[in-house]
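**Q**
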Amino acid sequence: MLFNTYKPWKFAFSQETEDLNNVEKNSFGIIGVPFDSTSSYSSGSRFGPTTVREASHSFEKHNIKFNKDIATTFYDFGDVNVVHGNCKKTIAILEEVVNDLVAFDLKPIIIGGEHSISIAPIKALANKYKFENMTIIHLDAHMDLRDEYQGEKCSHATVMKRIHDLNPKEIIEIGIRSGSVEEKEFTLKQDNIAIFTSKDTKERFQAIEDKLNSIANKEPIYLSIDIDVLDPSYVGEVGNPVPNGVSPDTLEILLEILAKKNIIGFDLVELATNSLGDSSAVTAAKIIYDFLTLVR
Ligand SMILES: [Mn+2]
320 MLFNTYKPWK FAFSQETEDL NNVEKNSFGI IGVPFDSTSS YSSGSRFGPT
370 TVREASHSFE KHNIKFNKDI ATTFYDFGDV NVVHGNCKKT IAILEEVVND
420 LVAFDLKPII IGGEHSISIA PIKALANKYK FENMTIIHLD AHMDLRDEYQ
470 GEKCSHATVM KRIHDLNPKE IIEIGIRSGS VEEKEFTLKQ DNIAIFTSKD
520 TKERFQAIED KLNSIANKEP IYLSIDIDVL DPSYVGEVGN PVPNGVSPDT
570 LEILLEILAK KNIIGFDLVE LATNSLGDSS AVTAAKIIYD FLTLVR
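Adding 319 to a residue's 1-based position in the sequence shown gives its number in the numbering used here.
Next up, the structure:
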């Protein structure tokens with residue numbers, strides 16, 4: 320073959336189509352959201368969709384770790400047109416785009432961008448699945464349960480509070496090691512929020528596994544992964560790094576458990592590097608690659 324087929328602007332192993340009428344039902348659709356306007360520490364997650372896609376080309380079709388090929392059908396539809404500086408408008412645009420995917424029975428995979436955008440796919444999916452049936456699994460160093468941050472309701476630090484306001488069945492947070500007293504007190508008053516700290520992933524992993532396995536296989540789950548859930552020694556290029564995090568090995572085990580469940584949508588947010596081939600970008604891309612290898 321004389322032609323180089325490397326397309327760094329599409330996730331590796333993705334299928335080609337521009338016509339939603341032609342997509343395979345119940346497959347996955349990747350959308351990039353290059354938005355980082357509410358970032359308060361390190362900005363740069365607007366480059367996440369580009370660096371994650373490019374990094375995905377470092378992997379092979381066969382995934383040795385899981386003894387499987389990446390054989391799931393998925394499409395990469397490119398990036399949405401974000402409105403820099405306007406969180407609400409960007410979320411509205413993304414919600415409309417995800418509504419289109421859902422109408423064609425595609426499950427969204429969102430590459431951020433910062434975390435504020437996660438509410439858009441959840442709202443779009445709720446049109447089909449209803450909030451009260453949906454469990455949100457949130458892997459993150461931070462609780463993201465503030466009602467306001469820096470005077471803003473729409474922020475990377477408030478996103479789970481905004482999602483909780485919509486009354487989902489349950490929010491399960493894993494990897495937590497940063498938050499305010501107000502957030503802690505708020506969670507104690509709620510019967511539909513479960514918090515597992517980063518320490519819990521090391522010292523009482525069985526409790527996490529039991530919790531996840533208590534979700535019936537048909538129950539709709541939305542998975543939101545803030546890449547800062549991983550320890551900064553593995554992934555340092557994030558919006559808000561917090562030491563003593565989760566290891567990629569633990570995350571692989573969580574993905575193995577979750578991939579057997581009914582994941583109706585998934586996002587990976589907060590990678591903040593503009594360096595192609597950056598090890599943080601490769602680790603982020605590996606999570607999506609592993610998920611697409613494992614998922615039925
Ligand atoms: Mn976070």
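Every residue, glycine too, gets a C-beta built ideally from N, C-alpha and C.
These numbers come from a predicted model, not from an experiment.
1) Put Tyr360 into one of helix, strand or coil per three-state DSSP.
2) When DSSP builds the beta bridges, which residues end up paired with Gly431?
3) Should Asp545 be listed as close to ligand 1, given that the test is whether its C-beta is under 7 angstroms from any heavy atom?
4) Between the C-alpha atoms of Phe423 and Ser346, what's the straight-line distance to the nearest angstrom?
5) Should Glu492 be counted as a contact of ligand 1 given a C-beta to heavy atom distance under 7 angstroms?
6) Please find out if some non-hydrogen atom of ligand 1 comes closer than 7 angstroms to the beta-carbon of His461.
7) Which word fits His475, buried or exposed, when buried means at least 16 other C-beta atoms lie within 10 angstroms of its C-beta?
8) Am I right that Thr569 and Lys387 are in contact with their C-beta atoms under 8 angstroms? What's the rounded C-beta distance?
9) On a Cα-Cα basis, can you pick out the residue from Asp355, Ser437 and Gly367 that is closest to Phe585?
10) I need the straight-line Cα distance from Phe524 to Thr370, nearest angstrom please.
11) Does the beta carbon of Glu589 fall short of 7 angstroms from some heavy atom of ligand 1?
12) Can you pull the DSSP bridge partners for Leu587?
13) Comparing the CB of Asn340 with every heavy atom of ligand 1, is any distance shorter than 7 angstroms?
14) If you draw a straight line from the alpha carbon of Ile428 to that of Gly470, how long is it in whole angstroms?
15) Might you give, ordered along the chain, the residues of its own chain that have their beta carbon closer than 7 angstroms to the beta carbon of Val478, omitting 5 neighbours on each side?
16) Please return the same chain residues whose Cβ sits closer than 8 angstroms to the Cβ of Gln509, not counting the five positions on each side in sequence.
17) Let me check you understand the geometry: is the CB of His457 closer than 7 angstroms to at least one non-hydrogen atom of ligand 1?
**A** In short:
1) coil
2) Val352
3) yes
4) 10 angstroms
5) no
6) yes
7) buried
8) About 20 angstroms; that fails the 8 angstroms criterion.
9) Ser437
10) 31 angstroms
11) yes
12) Ile430 and Ile544
13) no
14) 30 angstroms
15) His434, Ser435, Ser437, Ile438 and Asp463
16) His483
17) no
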